[in-house]
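Sequences listed follow chains Z and C, in order.
Numbering follows full-length UniProt numbering, in which position 32 of the first sequence is assigned residue number 32; successive positions increment by one, without gaps.
Numbering follows full-length UniProt numbering, in which position 533 of the second sequence is assigned residue number 533; successive positions increment by one, without gaps.
All residues carry an ideal CB built from backbone N, CA and C; glycine is no exception.
Read through the structure below, which is laid out as C-alpha cells, and then see the notes.
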Amino acid sequence: MSYLEYNAKTTPSGLRKILFLNWPLIVLLVSVASIGFLMLYSVAGGSFSPWVEPQIKRFFMGLVAMVAIAMVPIWFWRNMAVVAYLSSIALLLAVEFFGSVGMGAQRWIDLGFMRLQPSELTKITLVMLLAAYYDWLPRERTSRPIWVLAPIIMILVPTFMVLKQPDLGTSILLLAAGGGVMFLAGVHWAYFAAVIGAGVGLVTAVFQGRGTSWQLLKDYQYRRIDTFLDPSTDPLGAGYHITQSKIALGSGGWSGRGFMQGTQSRLNFLPEKHTDFIFTTLAEEFGFIGGVSLLAIYMLIVVFCIAAALATRDRFSSLVIMGISLTFFLFFAVNMSMVMGLAPVVGVPLPMVSYGGSVMLVLLGAFGLVQSAHVHRPR
Amino acid sequence: MRRNPKELDSTHRTLSRRALLLGGLQLAFAGGLAMRMRYLQVDQADQFLLLAEENRINIRLLPPARGQIFDRNGIALAQNSPSYRITIVPEDAGDVDKVIADLSRLIDIAPEDLERAIAEMRRSPPFLPVTLADQIDWQDISKVAVNAPALPGITPEVGLARIYPRQSDFAHVVGYVGPVSDYDLSQIEDPEPILRIPRFQIGKVGFEAKQEAELRGKAGAKRVEVNATGRVMRELDRRDGAAGADMQLTVDADLQGYVQARLGSESASAVIIDCENGDLRAISSAPSFDPNLFVRGISVADYRELTENTYRPLANKTVQGTYPPGSTFKMVVALAALEEGIIGTEETVWCPGYLEVAGRKFHCWKRGGHGNVDLNASLKQSCDVYYYDLALKVGIDKISAMAQRLGLGVRHNLPMSAVASGLTPTKEWKTRNRGEDWLIGDTANASIGQGFMLASPLQLAVMTARLATGRSVAPRLVKSIDSIEQPDGAGVPLGVNENNLRTLRRGMFSVSNERRGTGYGSRIIEETMRMAGKSGTSQVRNITAAERAAGVIRNSDLPWERRDHALFVCFAPFEKPKYAVAVVVEHGGGGSKAAAPIARDVMLQALYGGTPPLEAYPKKDRSRIRSQQERLERERPVRQLDGSDRA
Numbered sequence: 001m002s003y004l005e006y007n008a009k010t011t012p013s014g015l016r017k018i019l020f021l022n023w024p025l026i027v028l029l030v031s032v033a034s035i036g037f038l039m040l041y042s043v044a045g046g047s048f049s050p051w052v053e054p055q056i057k058r059f060f061m062g063l064v065a066m067v068a069i070a071m072v073p074i075w076f077w078r079n080m081a082v083v084a085y086l087s088s089i090a091l092l093l094a095v096e097f098f099g100s101v102g103m104g105a106q107r108w109i110d111l112g113f114m115r116l117q118p119s120e121l122t123k124i125t126l127v128m129l130l131a132a133y134y135d136w137l138p139r140e141r142t143s144r145p146i147w148v149l150a151p152i153i154m155i156l157v158p159t160f161m162v163l164k165q166p167d168l169g170t171s172i173l174l175l176a177a178g179g180g181v182m183f184l185a186g187v188h189w190a191y192f193a194a195v196i197g198a199g200v201g202l203v204t205a206v207f208q209g210r211g212t213s214w215q216l217l218k219d220y221q222y223r224r225i226d227t228f229l230d231p232s233t234d235p236l237g238a239g240y241h242i243t244q245s246k247i248a249l250g251s252g253g254w255s256g257r258g259f260m261q262g263t264q265s266r267l268n269f270l271p272e273k274h275t276d277f278i279f280t281t282l283a284e285e286f287g288f289i290g291g292v293s294l295l296a297i298y299m300l301i302v303v304f305c306i307a308a309a310l311a312t313r314d315r316f317s318s319l320v321i322m323g324i325s326l327t328f329f330l331f332f333a334v335n336m337s338m339v340m341g342l343a344p345v346v347g348v349p350l351p352m353v354s355y356g357g358s359v360m361l362v363l364l365g366a367f368g369l370v371q372s373a374h375v376h377r378p379r
Numbered sequence: 001m002r003r004n005p006k007e008l009d010s011t012h013r014t015l016s017r018r019a020l021l022l023g024g025l026q027l028a029f030a031g032g033l034a035m036r037m038r039y040l041q042v043d044q045a046d047q048f049l050l051l052a053e054e055n056r057i058n059i060r061l062l063p064p065a066r067g068q069i070f071d072r073n074g075i076a077l078a079q080n081s082p083s084y085r086i087t088i089v090p091e092d093a094g095d096v097d098k099v100i101a102d103l104s105r106l107i108d109i110a111p112e113d114l115e116r117a118i119a120e121m122r123r124s125p126p127f128l129p130v131t132l133a134d135q136i137d138w139q140d141i142s143k144v145a146v147n148a149p150a151l152p153g154i155t156p157e158v159g160l161a162r163i164y165p166r167q168s169d170f171a172h173v174v175g176y177v178g179p180v181s182d183y184d185l186s187q188i189e190d191p192e193p194i195l196r197i198p199r200f201q202i203g204k205v206g207f208e209a210k211q212e213a214e215l216r217g218k219a220g221a222k223r224v225e226v227n228a229t230g231r232v233m234r235e236l237d238r239r240d241g242a243a244g245a246d247m248q249l250t251v252d253a254d255l256q257g258y259v260q261a262r263l264g265s266e267s268a269s270a271v272i273i274d275c276e277n278g279d280l281r282a283i284s285s286a287p288s289f290d291p292n293l294f295v296r297g298i299s300v301a302d303y304r305e306l307t308e309n310t311y312r313p314l315a316n317k318t319v320q321g322t323y324p325p326g327s328t329f330k331m332v333v334a335l336a337a338l339e340e341g342i343i344g345t346e347e348t349v350w351c352p353g354y355l356e357v358a359g360r361k362f363h364c365w366k367r368g369g370h371g372n373v374d375l376n377a378s379l380k381q382s383c384d385v386y387y388y389d390l391a392l393k394v395g396i397d398k399i400s401a402m403a404q405r406l407g408l409g410v411r412h413n414l415p416m417s418a419v420a421s422g423l424t425p426t427k428e429w430k431t432r433n434r435g436e437d438w439l440i441g442d443t444a445n446a447s448i449g450q451g452f453m454l455a456s457p458l459q460l461a462v463m464t465a466r467l468a469t470g471r472s473v474a475p476r477l478v479k480s481i482d483s484i485e486q487p488d489g490a491g492v493p494l495g496v497n498e499n500n501l502r503t504l505r506r507g508m509f510s511v512s513n514e515r516r517g518t519g520y521g522s523r524i525i526e527e528t529m530r531m532a533g534k535s536g537t538s539q540v541r542n543i544t545a546a547e548r549a550a551g552v553i554r555n556s557d558l559p560w561e562r563r564d565h566a567l568f569v570c571f572a573p574f575e576k577p578k579y580a581v582a583v584v585v586e587h588g589g590g591g592s593k594a595a596a597p598i599a600r601d602v603m604l605q606a607l608y609g610g611t612p613p614l615e616a617y618p619k620k621d622r623s624r625i626r627s628q629q630e631r632l633e634r635e636r637p638v639r640q641l642d643g644s645d646r647a
C-alpha cells in the first residue's frame, strides 16, 4: 500500500497527532528508563553524578527527538531509508579513519555535544532499508535467489565493518535483526533452514575438529569457549565476569537485598556495573521479582509493537515496527542471557537502562519511527 | 506503485503470520530467561548468597593482650609494654623513595629492614600498610610524629610487646616468647587461626610456654567489608577478645635477684622452698641470659655465644640438671634404716677409712677413717663407711622407696621446661634398663648418693623441706591465676616416725653448728635462725686404683669439667623450719667449701627478707661478708626498665 492511498481526512494532522501517539508505549519506555535512573543512582553509591544526570538529559533529548520523528509522516522516512543507510555506512567508514578508541575498540565519533556510535545508528538504518526494500519488491520476487542476495549484501556490509571495530555484539544484532526482517517479509523457509543447518554444521565442525590437524580455531579461542561453557575453570581470569555476575544475581534471592543494599556491585566485584552488567545490580537489589518485572515491561513493549505492526496495513510500517521491536528484543535478550551465564560476554547493553548516550538516543529515535508509523497508519 | 488487492492481502497475511510466530518465539525466549532467573535467584539463591558473603566479608583477628606475670609481691616479671613501629602506606606516600629518604634522615632504619619493606611493598596492594621499622624508641617516634606533615603515608603505630623487666633474673623460670614458627605450627594439631597472624608471639620456653593456654587469651575478631581489590570499606561488627590470665608466681623477685647475683658467674643453681606451703621463693640457675634478646630476635653471634658456653646458660639447672646427690643423700639412707628399725641411734660402726664389699674396697672420703661413728657423727662428719654398712643392711629397694617418699626420683609437676625426674635406682630398674643384675657394690655406691642415683636441685630442696616438716611438701610455682589462689603444697604427714626425723634433724644441726661439722664454717650465729644442713660432694669421675696409689689429685688441679660437684642442703630456723634451700655448684669442688656459704647467705637473705645484719654471721666472717654484700649491691643491675615496674 502506498502513501498515495492514505486518506488525508482520516490521518491526524498538526499538533493533533500528539493525541494519536501510542501513549502506552511511551509510558512503558519512561518506566524502563526510570528503572535505569534508579539503578545508576544505586551503583554510583547514592549519587546523581556521574551517571544519572547525563542519562536523564539524554533521555529527555531522546523523547523530544522521538516525538519530532513521530510528527513526520512515515512515508517520508521510507523515502529517506536509502539515504539513512548510506549515511550510516559513511559514518562507519569515518569511524574507521577518524574515530576514537574507547574500551579497546574503535567505535565512536566525537560530535562535540555527544559521542556518536555509528554502529548503533546502523542497527536502525539497516532495518529501515530492508523494510523499504521489501515494500518496493513485488511479492513474487521475494524468494528468488537474486532478490534474496541483495538484502543479504545490505546486511553483511555493515556487519563486517562493525565486526572489524571489533564489536561482536553489534554484529550479531545486525545479522539477527536483518535476518528477522527478511523472515517477516516472507522469504522462503528453505533459505533460513539452510542457514541454520549450515550454522549447526559449522559449530559441530568446530568442536569435532578440536585437537585434530584440521581444527578451525586457534587454541586460545577454544579456551574462551571452554570458559564460557564452564566459568568455574577460570574464576579469576576470563570466567571472572560471568562468575561474579551469577553470584550477584543469585544472592539477590526472591525479593533482593533492597535498594542501595546490593553489596557485590557496590564493592566492585562486578565489572562494568553501570553499563553491560547493570542488570545484575537490579537483580541483586530487587531480586527475582525486580528482574522478572523488568523483563515483563520489556516484553510488553515488544507486544505493543507487534500489535502496532499488525494494526497497520502499510507494509513498510509493519516491517519497520517489527524490525525495531526485534532489535530491541535482541538487545535485552542477549544482555540478560549474557549476565545470567547463558551466552558469552559480547558487550551488548541493557536497552534504556545501561549508561550510554548513543544507544538511548538511537532507540528513542527508532521508537519515533514506530510512533510515526502508528500515527500515520491507514485507517 | 499499485498492486492488486488480492496480492496485498496475501502478503499481509504472510507478514502477520510470521510476525505472530516471531512474537511467539520472543515470548518463549523471555519465558526461558525468566526460568533461568528463577533458577539462579530462587533455587540456587542460598548458594550464591554464601558466595557473595565470602566475596564481601573478611574476618580480621584481633590479637588478645597476653596475660602478665608477677612475683608474689606484685612486681612484674613479664609485662606488655607499648612498642612503637613505623609503617608506610605506599598509596598515600606518593613518591615512596623520597619519603623513605626523608625518613632515614630523621631516624636510623636498618638496611635489611628497608630491603624487606620494599620487597613487601612490591607484593602487596598499595593501600596496605608496610612496616618500615619495628621496636622504635620513644624519641624516634616523637621525631617522626612532629615531622608527620612532611612525611605523607608514614604512620607511627603503637602495639604491645612482651618485656621482661627483671631481665636475666627470671630467664629460666618465666622463659620468653617469640614469633610463631612453622615448626611450632606443625607441632600443634588444628592450630588456632590467631597463630597465623604474622609476628604473633607465643611462649617458647619456660613458664611462658607451659602456661601458654592461659596466658594467650582468646582472640577477638572484627568482620570487615572488603571490595574486589581487598580494600577495607567499613567495619561490620567487632567481638573483643579476652585478655590472657594474669599469673602471680610464688617467687620473690628481690630474693631471686639476690640469689642470681650471689651465684654470679658460677655454673650453679639454688632453690629456696617455703617449708610451710611449698612455695618456691627463688629458683635460680646461673649463668643466665637476657630473655628480652629473644623477644626482639636474637642475633646469630649472641645466640652462638649462649649455646657454645660450657656453663650452659640456656639450661635451667634447678629442674633439668640432675646430679649425683652425694652425701646429701645420706639422710635418706639413715631414715630408711631407722624406719626399718635396723639401727639404733646409739649404735656405732667402725670406720677404718674403707669397707670391703664383695672383694672391692669402698673408701671413705677421709682416708684415715673416722674410728667409731654413731648416726649423729656420721652425718656431722659425713662418714661414708657408716652408710656403706647401713645400706647393705637395708637394701637398695627400701632406700629408693624412702627416696621417693622424700621427693627424689619423682617428677614434680611444675610449669617449667624440661622438669627432670632424676633417678632412684632399684634392682628391677637395673635389670630392665641395663640388662644386668644389681650388684652389692651398686648399693654401696647409692648409699652415698653416687652411682646411678640422680637428683635435681629442686628435688633436693623438696627432700630437705620434707625432712624438716615431716610432711609431703610439694613445690608450688603459681600462687594465683587471675587473682584466684592456687592450692598450696603444704602436703600431708609423711607417716614417718617423728622421733626418727628428730634424730636426723639433730644430725643436720650438728653439721652446721658443731665444731668438726662439715658445714660449721657456714653457720648462722643468730639464735632464732640457726640452720641445719648437709653438705655433699659428688664425683663425676671414677678414681682409679692407680690414681689412688699415686695420691688422689686435688680437685683444683683438675680441668673444670672433671672436678666434683659441690652440693649443700639446709633448712632454717632449726626450731621452726621456714625455708629449705638446696645449692648445687657444678664442678665447684667440696660441698662444704663451695656450696654451703652460698646456701647460708641465701638462707639469711630469705629469712630476713632483705640484706641480713652482719650479727647473723660468725665474727671472723663479718668483714668478708660486708665487702661481699657491698659488691653484690653494686653489681646488681638497675632493674627498672620502665616506670611501671610495680603493678
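For this session: Anything in chain C within Cβ reach of Q264/Z, meaning under 8 Å, just list it in chain order.
Result: A52, N55 and R56
For this session: Quick one: grab the DSSP three-state call for R18/C.
Result: helix
Exercise. Does the count of Cβ pairs from the stretch 254 to 268 of chain C and the stretch 617 to 636 of chain C closer than 8 Å reach three?
Worked result: In short, these stretches touch, since the Cβ pair count reaches three.
Problem set entry | Chain-order list of residues whose beta-carbon lies under 8 Å from that of residue 383/Z (same chain, five-residue window excluded) | One cannot answer for residue 383/Z here, as it falls past the ends of chain Z, which runs 1 to 379.
Exercise. Three or more beta-carbon pairs under 8 Å between the stretch 247 to 261 of chain Z and the stretch 210 to 220 of chain Z, yes or no?
Worked result: no
Exercise. Between the stretch 91 to 110 of chain C and the stretch 132 to 149 of chain C, do at least 3 Cβ pairs fall closer than 8 Å?
Worked result: Note that the stretch 91 to 110 of chain C touches the stretch 132 to 149 of chain C; at least 3 beta-carbon pairs, one per stretch, sit closer than 8 Å.
Exercise. Excluding the five sequence neighbours on either side, which residues of its own chain have a C-beta within less than 8 Å of the C-beta of I69/Z, listed in chain order?
Worked result: W77, G365, G368, L369, Q371 and S372
Exercise. What number of angstroms, rounded off, separates the C-alpha of G104/Z from the C-alpha of P166/Z?
Worked result: Since pLDDT at G104/Z reaches only 49, below the 50 mark, its modelled position is unreliable, and no value is offered.
Exercise. Which residues, taken in chain order from the stretch 283 to 297 of chain C, show a beta carbon closer than 9 Å to some beta carbon of chain Z?
Worked result: Per Cβ criterion, the list is empty.
Problem set entry | Beta-carbon proximity check, T318/C vs I272/C, cutoff 7 Å | no
For this session: Quick one: using the 10 Å Cβ neighbour count with 16 as the cut-off for buried, is G14/Z buried or exposed?
Result: exposed
For this session: Quick one: list the residues of chain C neighbouring G180/Z, beta-carbon separation under 7 Å, in chain order.
Result: L22
Exercise. Taking the alpha-carbon positions, what's the D389/C to H363/C distance?
Worked result: 12 Å
For this session: Report, in whole angstroms, the separation of the C-beta atoms of G206/C and V174/C, which I expect to be a contact under 8 Å.
Result: 6 Å
Exercise. Any Cβ of chain Z within less than 7 Å of the Cβ of F48/C?
Worked result: yes
Problem set entry | Rounded Cβ spacing between F259/Z and S42/Z (contact assumed at less than 8 Å) | 6 Å
For this session: Specify whether the stretch 47 to 54 of chain Z and the stretch 87 to 94 of chain Z touch according to this definition: at least 3 beta carbon pairs, one from each stretch, less than 8 Å apart.
Result: no
Problem set entry | Backbone secondary structure at R515/C - three-state DSSP | In the three-state reduction of the DSSP assignment, R515/C falls in the coil class, being assigned neither a helical nor a strand state.
Problem set entry | Beta-carbon proximity of G217/C to P64/C, cut-off 7 Å | A contact, by the Cβ cut-off of 7 Å.
For this session: From the DSSP output, in three-state form, read off H274/Z for me.
Result: coil
Exercise. If we ignore side chains and look at the alpha-carbon of each, how far apart do G353/C and M331/C end up?
Worked result: 20 Å
Exercise. What does G305/Z pair with, by DSSP beta-bridge criteria?
Worked result: The question names Gly, but residue 305/Z is Cys in the sequence shown. By DSSP's assignment, C305/Z forms no beta bridge with any residue.
For this session: Give a yes or no on whether the minimum CB-CB distance between A30/C and chain Z is below 7 Å.
Result: yes
For this session: Let me know if T312/Z comes out buried or exposed under the rule of 16 or more other beta-carbons within 10 Å of its beta-carbon.
Result: Answer is buried; the Cβ neighbour count reaches 16.
Exercise. At a Cβ threshold of 7 Å, is A34/C touching chain Z?
Worked result: yes
Problem set entry | Anticipated Cβ contact below 8 Å, P129/C with I88/C, distance rounded | 7 Å
Problem set entry | Range of the contiguous alpha helix (DSSP H) that encloses residue 689/C | As shown, chain C starts at 1 and ends at 647. That puts residue 689/C outside it, with no answer to give.
Exercise. Whole-angstrom Cβ separation of P152/C and V226/C, contact assumed at under 8 Å?
Worked result: Contact doesn't hold; Cβ gap of about 24 Å is too wide.
Exercise. Are there 16 or more other CB atoms within 10 angstroms of the CB of S535/C, so buried, or fewer, so exposed?
Worked result: buried
Exercise. Since L21/Z contacts V375/Z with CB under 8 Å, what's their CB separation in whole angstroms?
Worked result: 6 Å
Exercise. Name the chain Z residues that come within less than 7 Å of R38/C, Cβ to Cβ?
Worked result: In chain order: F288.
Problem set entry | Residues from the stretch 10 to 21 of chain C in contact with chain Z, defined by Cβ distance under 8 Å | S10, T11, H12, T14, L15, S16, R18, A19 and L20
Problem set entry | Which of helix, strand or coil DSSP assigns to Y579/C | Three-state DSSP puts Y579/C in a strand.
For this session: Scan the stretch 134 to 147 of chain Z for residues whose Cβ lies nearer than 7 Å to a Cβ of chain C and list them as they occur along the chain.
Result: R139
Exercise. Buried or exposed: which applies to W365/C, given that a residue is buried once 16 or more other Cβ atoms fall within 10 Å of its Cβ?
Worked result: buried
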